[in-house]
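Numbering (the numbering used here), first residue to last: 1138 to 1306.
For reference, the structure discussed in these notes is given below.
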């Protein structure tokens, strides 16, 4: 399966380039609009039962219980956000919010940290513990280098020559 994606950029009002964790409960938005996939990785288990995305009154889980990483995708028209657990409508806005479910309580406010060096990665914290890493870099397929293809075809050619020599002997 080939994953063809364009670059992803985030708009996070009021929290960009923060020097420390900052409380945040606002909207996230992808700005490229060409079907962005976003990676979510568990850093430390806080025994939260669910991490997900919501918009208006719809929500969908991204990570549950024993998941260590996952991805979600915003459609190119900004109307749909999809994870492995389902999808929600975004009404063409490309905006959404995150939530945690911890100890039976849903939290829509969390702390966020953006790194001054790698501004594509955000760390989310709940109860002063770094919990998740959100990586907004694009996921591009890893191409097979031409030299590997050349090597492979050379090995197949040598095998063919060896088979011919055995038949002729």
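Heads up, the beta-carbon is just placed ideally off N, CA and C, and yes, glycines get one too.
The structure displayed is predicted, hence computed values, not measured ones.
(message) Can you confirm whether the region 1221 to 1234 touches the region 1187 to 1202 when touching is taken to mean that 3 or more C-beta pairs between the two stretches lie within less than 8 Å?
(response) With the cut-off at 8 Å, the region 1187 to 1202 and the region 1221 to 1234 touch.
(request) Look at the Cβ atom of residue 1160, then the Cβ atom of residue 1240, and state whether they are nearer than 7 Å. (result) For residue 1160 and residue 1240, no; Cβs fall outside 7 Å.
(message) Output needed for residue 1285: all residues of its chain with C-beta closer than 7 Å, excluding positions within five of it in sequence on either side, in chain order.
(response) Same-chain partners within the cutoff: there are none.
(message) Can you tell me where the alpha helix (DSSP H) holding residue 1287 begins and where it ends?
(response) Annotation: the continuous alpha helix (DSSP H) that includes residue 1287 extends over 1283 to 1305.
(request) Give me whichever residues DSSP pairs with residue 1250 in a beta bridge. (result) According to DSSP, residue 1250 bridges with 1260.
(request) Pick out whichever of 1236, 1180, 1211 has its Cα sitting closest to the Cα of residue 1167. (result) The candidate whose alpha carbon is nearest that of residue 1167 is 1211.
(request) Determine the direct distance from the alpha carbon of residue 1270 to that of residue 1258, and round the result to whole angstroms. (result) Using only the alpha carbons, I get a separation of about 7 Å.
(message) Using C-beta distances below 8 Å, list every residue in its chain close to residue 1232, excluding the 5 sequence neighbours before and after it, in chain order.
(response) Taking residue 1232 as the centre and dropping the five residues before and after it, the same chain places the C-beta of 1164, 1165, 1166, 1192 closer than 8 Å to its C-beta, in chain order.
(request) Give the secondary structure of residue 1214 by DSSP, where H, G and I count as helix, E and B as strand, and everything else as coil. (result) DSSP places residue 1214 in coil when its eight states are reduced to three.
(message) Considering only their Cβ atoms, is the gap separating residue 1189 from residue 1244 smaller than 7 Å?
(response) Not a contact, by the Cβ cut-off of 7 Å.
(message) Report the start-end ranges of each beta strand (DSSP E) in the region 1173 to 1237 that is 3 residues or longer and not cut off at the edges.
(response) Counting only runs that start and end inside the region 1173 to 1237, the beta strand (DSSP E) elements of at least 3 residues fall at 1173 to 1179, 1185 to 1192, 1195 to 1201, 1206 to 1211, 1217 to 1220, 1223 to 1226.
(message) Please report the distance separating the alpha-carbon of residue 1180 from that of residue 1215.
(response) One alpha carbon belongs to residue 1180, the other to residue 1215, and they sit about 28 Å apart.
(message) Quick check: what's the CA-CA separation for residue 1218 versus residue 1176?
(response) For the pair residue 1218 and residue 1176, the Cα-to-Cα distance works out to about 13 Å.
(message) Given a cut-off of 7 Å on the beta-carbon distance, is the pair residue 1251 and residue 1208 in contact?
(response) If you check the CB distance, residue 1251 and residue 1208 do not come in under 7 Å.
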